[in-house]
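Engineer:
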Amino acid sequence: MDGGSAAGEAPAATATGSGTATANGKATGKSGAGASATSAPISPVEPVSNATAVTAPAPPGQENACIKSEAMTVSQSLWGIDAMDGTLDGKYEYDLTGAKVHVYVLDSGVRFDHPEFSGSRADMPFTAKTLADDRQAAQLTDCTGHGTHVGAVIAGHTVGVAKQATVHALRIIGCDKTGSVSDAIEALNWVAANLQTPAVINLSLGSTDTLSGFTLPNAISALVNKGVHVVIAAGNSAVDACSSITPSTPSLLNIPNTYVVGALGHPAATDLAQGKYLPKIATFSNTGSCVKYWAPGVDIWSASNRSIAVDADVTAFESRQGTSQAAPMVAGAIALHLQASPTLTPADLTKSLSANGLALPWGGAHGHRVRLGVPARDLHDQ
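Just so it is clear: in the sequence shown, position 268 is 268 by the UniProt record's numbering, and no numbers are missing.
1) Please return the same chain residues whose Cβ sits closer than 6 Å to the Cβ of Ala219, not counting the five positions on each side in sequence.
2) What runs of the alpha helix (DSSP H), each 4 residues or longer, lie entirely inside the region 215-288?
3) By Cβ distance, which residues of its chain are closer than 8 Å to Asn194, with the 5 residues on each side in sequence left out?
4) With a threshold of 16 other CB atoms inside 10 Å of the CB of Lys351, please say whether the residue is buried or exposed.
5) Three Cβ pairs or more, each shorter than 8 Å: is that satisfied between the region 316-332 and the region 341-349?
6) Which residue from Ala282, Glu318 and Arg111 puts its Cα closest to that of Ala238?
7) Round the Cβ separation of Ser285 and Gly262 to the nearest angstrom and send it over; I've been treating them as touching at under 8 Å.
8) Tell me the DSSP secondary structure of Leu78 in three-state form.
9) If I follow the unbroken beta strand (DSSP E) through Val105, where does it start and stop?
10) Could you tell me the alpha carbon to alpha carbon distance between Pro44 and Leu205, rounded to whole angstroms?
11) Give me the DSSP bridge partner(s) of Ile300.
12) From the DSSP secondary-structure annotation, give me the bridge partner or partners of His168.
13) Could you round the C-beta distance between Ala128 and Gly179 to whole angstroms and report it? I think they count as a contact, below 8 Å.
14) Is Val161 helix, strand or coil when you go by DSSP?
15) What is the DSSP secondary structure of Leu336, counted as helix, strand or coil?
16) What does DSSP give as the partner residue(s) for Ser204 in the beta ladder?
17) If Gly332 and Val153 are in contact, beta carbons under 8 Å, what's the gap, nearest whole angstrom?
18) Tell me, to the nearest whole angstrom, how far the beta carbon of Val260 is from that of Lys292; I am working on the premise that it is less than 8 Å.
19) Mind checking who Trp190 pairs with in its DSSP beta bridge?
20) Who are the Cβ neighbours of Ser108 in its own chain at under 6 Å, not counting the five residues just before and after it?
21) Which same chain residues end up closer than 6 Å to Ser302 when comparing Cβ atoms and leaving out the 5 residues on each side of it in sequence?
22) Looking only at its chain, what residues have a beta carbon closer than 7 Å to the beta carbon of Asp183, apart from the 5 residues adjacent to it on each side?
23) Just to confirm before moving on: does the CB-CB distance between Leu253 and Leu170 stay below 7 Å?
24) Whole angstroms is fine: what's the gap from Ser230's alpha carbon to Asn257's?
25) Would you call the CB atoms of Gly80 and Pro296 closer than 7 Å?
26) Have a look at Phe214, Asn225 and Ala222 and flag the residue whose alpha-carbon is nearest the alpha-carbon of Ser248.
27) Does DSSP put Gly151 in a helix, in a strand, or in coil?
28) Bridge partners of Ala295, per DSSP?
29) For Gln196, which residues in the same chain have their Cβ closer than 7 Å to its Cβ, ignoring the five residues on either side in sequence?
30) Identify the residues that DSSP records as bridge partners of Ala199: which are they?
31) Within 10 angstroms of its Cβ, does Tyr104 collect 16 or more other Cβ (buried), or is it exposed?
32) Does the CB of Gly227 have a neighbour CB from chain D at under 7 Å?
33) To which residues of the same chain is Ile334 closer than 8 Å at the C-beta, ignoring the five residues directly before and after it?
34) When burial is assigned at 16 or more other CB atoms within 10 Å of the CB, is Ala132 buried or exposed?
35) May I ask you to report which of helix, strand or coil DSSP gives Ala128?
36) Could you name the residues of the same chain whose beta carbon sits closer than 8 Å to that of Ser221, not counting the 5 residues immediately before and after it, in chain order?
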């Protein structure tokens, strides 16, 4: 879910049962097990703004995760990936790139000719049948820019976490910034039938509300059981997204062995100067006991779907914020883990993260401690 865009609107989707989502992410209409999954609309929430990052793993057998073989100098606008290597020193240092890992992005599409994807590292093999007649689709592979931004956070050549991962865009959000639960299910079924492993799915389509039945959660669970790592945005409504969830409540946020991601805010200037990042939960981010992973989601600079040929430094990139940006940070970090350990299962990785994650102070009412993103520096022995 997007919290906002510094260069125009580009929302992520919120599944809200048989109702639609308003600009603040709250749903109207009915939801619950009795609603029809095929008729439920997915409407994108309006963006909020900016993001951060999580630390990357060392290669297998390397005892000191701080030893880096490559370094990329970054500007302060890329503070998110700067934080990925565990420090804020103006450099993103990394050993792993996500090579040979497949990341499936269910979103508004991806402008795969963008230089961030190095030509051949992104494709769009699936477009929902309901979007086949979308007139703008013939001209743009991503009408809203949301999917392009998300995809580049995961695997962009300069702005991404896993710089050589392969991005497969599944277009389920149309030029009118809406889609349907049935389109999402169709896309997940396509992934299951055409799966290339190791694999990560990014769903910046999270909802604070119940879905229209168990069909979509069940489709996600089936992929998790096949070893696919599924990352889900927690939402931007600044509410406890988990308090109303029960075992009998269909929701994207309570699927076992998935990664539900909340957004962390931009560090203060003094934190940057000291090379430290003291994370705080972004004011718009949903929270709660089911939101177990946290990553930068404010001021995230990434690829745009706009003109590349003219003044590319300005028009081909933009800043956005939201849990839509935090989720792909985690998806990129998981891709790095899978490059190092291709057979790592969702159950194994979620268990390790829960045991080894960087605990953060929690001011909520649940009495638990949240953990920072995918604390990959603690998992170098995976």
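Every residue, glycine too, gets a C-beta built ideally from N, C-alpha and C.
Structural biologist: Taking the structure as given:
1) Ile185 and Leu188
2) 215-225 and 269-273
3) Pro125
4) exposed
5) no
6) Ala282
7) 4 Å
8) helix
9) His102 to Asp107
10) With a pLDDT of 35 at Pro44, under the threshold of 50, the predicted position of this residue should be treated as unreliable, though the coordinate-derived value follows. Computed Cα separation, rounded: 8 Å.
11) Arg320
12) Tyr104 and Asp123
13) 7 Å
14) coil
15) Here Leu336 carries a helix assignment [DSSP, helix/strand/coil].
16) Ser204 is not bridged to any residue.
17) 7 Å
18) 6 Å
19) In DSSP, Trp190 forms no bridge with anything.
20) Asp142, Thr144, His146, Gly147 and Ile173
21) His149, Ala152, Val153 and Val159.
22) So the list reads Ala128, Thr130 and Ile172, once near-sequence residues are dropped.
23) no
24) Looking at the sequence shown, residue 230 is not Ser but Val. Cα to Cα, the separation comes out at about 8 Å.
25) A contact, by the Cβ cut-off of 7 Å.
26) Phe214
27) helix
28) Beta-bridge partners assigned by DSSP to Ala295: Ala263.
29) The beta carbon of Gln196 lies closer than 7 Å to those of His102 in the same chain, with the five residues before and after it left out.
30) His102
31) buried
32) Judged by its chain identifiers, the structure shown contains no chain D, having just a single protein chain.
33) Val200, His229, Val231, Tyr259, Leu349 and Val374
34) exposed
35) In the structure shown, Ala128 sits in coil (DSSP, three-state: anything other than H, G, I, E or B).
36) Ile255 and Pro256
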